[in-house]
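Numbering follows my numbering, with no gaps: position 145 of the sequence shown is 149.
Presented below is the structure to which this report refers.
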Amino acid sequence: MRQGRMIRRLSALVGLGLTLSVTSARAAYVDLTSTGSVEFNNAWFFVNDDHDANPSNAFVRIQAHQGTVESGYNNNGPVSADTKSGSYLLKLSQLPIVQYQGNSYYRFLLDIGEPQSASQKTISLDDLKLYSFPITPGNDTKAFGTETGFTLRYNIDVGATDNDIKLSDRSNGQGKNDMVALIPTFYSADDQWIMLYSKFGEKAPAQGSFEAWKITATVVPEPMTMMLIPASAMLLLARRRRQA
Ligand SMILES: [Ca+2]
Ligand SMILES: [Ca+2]
Ligand SMILES: [Ca+2]
Ligand SMILES: [Ca+2]
């Protein structure tokens, strides 16, 4: 009896170990708190330091209304409780396009607002999704996901693979972009409304003021940081090659 119980316990532990190793091999929580970049699902994410001081430029600002996890999206219609007023839909034709390593990307900027203290200045970007839907009368004022032709165009998570990014607000608040996101361009015969959904704070708590997503009208050459390929990205590439 005792032996049987021990075997069951051992197999439970082995099972748990297998689950954990599979999860850690597939999911990634990449540290972009100081330098570097990472590629997730064909999109690139870079630490940024361009001192762009125009927080009012944000098309969506997200701040937890309770606790330390927050999520939101830009819309002309109803928004989440964590989405601050003043958000608006973008048009596909408004998005700046940049070339990087021979591919085309839409360029988004993220300015996080976290307290200065070492224990609070980090924040995790847990979810990032980009949606589009046709520009037709009334389609822009519907609730999230109910728009006609609502289409998911990008997701940082791939199936069971949960990808997350750890960021740090090194500038204490708004006024300095902390991350650049390059999302692969997609083909559309028509102009579309663009909605960006993001969630913060699950792995590293969201505190202080709001997180602001922006685009800039000026298309700048590839920043210096884009030339750097950190160890984390190299590891991912190597792993992918091994799997291929
Ligand atoms: Ca900031
Ligand atoms: Ca914040
Ligand atoms: Ca924090
Ligand atoms: Ca995730």
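Think of the CB as a built atom: it goes at the ideal place given N, C-alpha and C, for glycine as much as any other residue.
All values derive from a computational prediction rather than experimental measurement.
{"Query": "Proximity test, K180 beta-carbon vs ligand 1 heavy atom, cut-off 8 Å", "Result": "yes"}
{"Query": "T261, DSSP secondary structure in three states", "Result": "Beyond the ends of the chain as shown, which are 5 and 248, falls residue 261; an answer cannot be given."}
{"Query": "Stretch pair the segment 111-122 + the segment 149-159: three plus CB contacts closer than 8 Å", "Result": "no"}
{"Query": "Nearest-angstrom Cα separation, counted from E118 out to T27", "Result": "Legend: pLDDT at T27 = 37, less than 50; position of this residue unreliable, no value from coordinates given."}
{"Query": "Range of the contiguous beta strand (DSSP E) that encloses T155", "Result": "155-159"}
{"Query": "Beta-carbon gap between Q124 and G205 smaller than 9 Å", "Result": "no"}
{"Query": "Q103 to T189 span [Cα, whole Å]", "Result": "10 Å"}
{"Query": "By C-beta, the residues closer than 5 Å to any heavy atom of ligand 3, given in chain order", "Result": "E118, Q124, I127, P209, Q211"}
{"Query": "Classification of I187 by the beta-carbon crowding that lies within 10 angstroms, buried from 16 upward", "Result": "buried"}
{"Query": "Member of S128, N80, I160, A122 whose CA lies at the smallest distance from the CA of F137", "Result": "N80"}
{"Query": "Meets three-Cβ-pair contact criterion under 8 Å: the segment 196-210 and the segment 135-152", "Result": "yes"}
{"Query": "Extent of the continuous beta strand (DSSP E) to which L114 belongs", "Result": "107-115"}
{"Query": "T87 classed as buried or exposed, judged by whether at least 16 other C-beta atoms fall within 10 angstroms", "Result": "buried"}
{"Query": "Residue nearest to F214 in terms of C-alpha spacing, selected from D195, V73, Q196, N143", "Result": "V73"}
{"Query": "Helix, strand or coil at Q98 [DSSP, three-state]", "Result": "helix"}
{"Query": "Element boundaries [beta strand (DSSP E), containing A216]", "Result": "215-218"}
{"Query": "Meets three-Cβ-pair contact criterion under 8 Å: the segment 163-181 and the segment 91-108", "Result": "no"}
{"Query": "Nearest-angstrom Cα separation, counted from L96 out to D168", "Result": "25 Å"}
{"Query": "Counted within 10 angstroms of its Cβ, other Cβ atoms place T126 as buried (16 or more) or exposed", "Result": "buried"}
{"Query": "Boundaries of the beta strand (DSSP E) in which S202 is found, first to last residue", "Result": "196-204"}
{"Query": "N79 in three-state terms, based on DSSP", "Result": "coil"}
{"Query": "One or two residues paired with R174 in a DSSP bridge", "Result": "Bridge partners of R174: none, in fact."}
{"Query": "Span of the beta strand (DSSP E), counted from its first residue to its last, around A47", "Result": "47-51"}
{"Query": "Beta carbon of S89 nearer than 9 Å to that of N78", "Result": "no"}
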